[in-house]
Amino acid sequence: MRVLVIHGPNLNLLGTREPTVYGDVTLDQVNDMLATLATELGVELSTFQTNQEGLMVDRIQSAMGNADGILINPAGFTHTSVALRDVLLATEIPFVEVHLSNIHAREEFRRTSLLADVAEGVVSGFGPDSYLLGLRALSTLLEA
Ligand code: DQA
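Here our numbering is used: the first residue of the sequence shown is -10, the next is one more, and so on.
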């Protein structure tokens, strides 16, 4: 089973970015945790981070036929990107949306996700565990 992990804009700054909101774990550490869990689950993982919406769309398009599922933290694009929603619908690759913070307990504009209603599920508010829970859920779903 092949899972593509996508990290959106500013997640490359994890560890130093607003640590009171996002914690002090770096993106490399998150990816290491995911890699360990993927091995345990028998999942083949590819990871990708970008700050650019178009590159994210391109990466998802190129996942067609190459990924069975997508684990995505769309970061700021969660709340703004019609293009991201459209490409996820176009590719029909099942995806799980994750957020480190609880987007429903923050500013009003973060409570809206343009992706959540077409995601298999959403995990939000558990720091790096959101990714791990999301990967477990996606793996179970793809096995079924
Ligand atoms: C985030 C939440 C978003 O609102 C924010 O723009 C991010 C990170 C999270 O993981 O909590 O960049 O997706």
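A virtual CB, placed ideally from N, CA and C, is assigned to each residue, including glycine.
Whole-angstrom C-beta distance between residue j and residue i, which should lie under 8 Å
i	j	result
L127	V(-8)	6 Å
Q50	V76	6 Å
G8	N40	The question names Gly, yet the displayed sequence has Pro at residue 8. Actually they do not touch by this definition, with Cβ atoms about 19 Å apart.
M53	T80	5 Å
Own chain partners of residue i with C-beta closer than 7 Å, once the 5 adjacent residues on each side are dropped
i	result
L130	P83, E109
L0	L16, Q38, N62, A64
V107	R74, L77, L78
L34	V(-8), V(-6), L23, A24, A27
A105	E86, V111
Burial state of residue i, where buried means 16 or more other Cβ atoms lie within 10 Å
i	result
F66	buried
T5	exposed
H(-4)	buried
R100	exposed
Residues near residue i in its chain [Cβ-Cβ closer than 8 Å; skip 5 each side]
i	result
Y11	L3, L89, S90, G116
Other residues of its chain near residue i: CB distance less than 6 Å, five sequence neighbours each side excluded
i	result
V112	V87, S119, L122, G123
D57	M(-10), R(-9), L131
G43	none
Three-state secondary structure assigned by DSSP to residue i
i	result
I136	Any question about residue 136 goes unanswered here, given that the chain covers just -10 to 133.
E33	strand
R(-9)	strand
N40	coil
L103	coil
S90	coil
L3	coil
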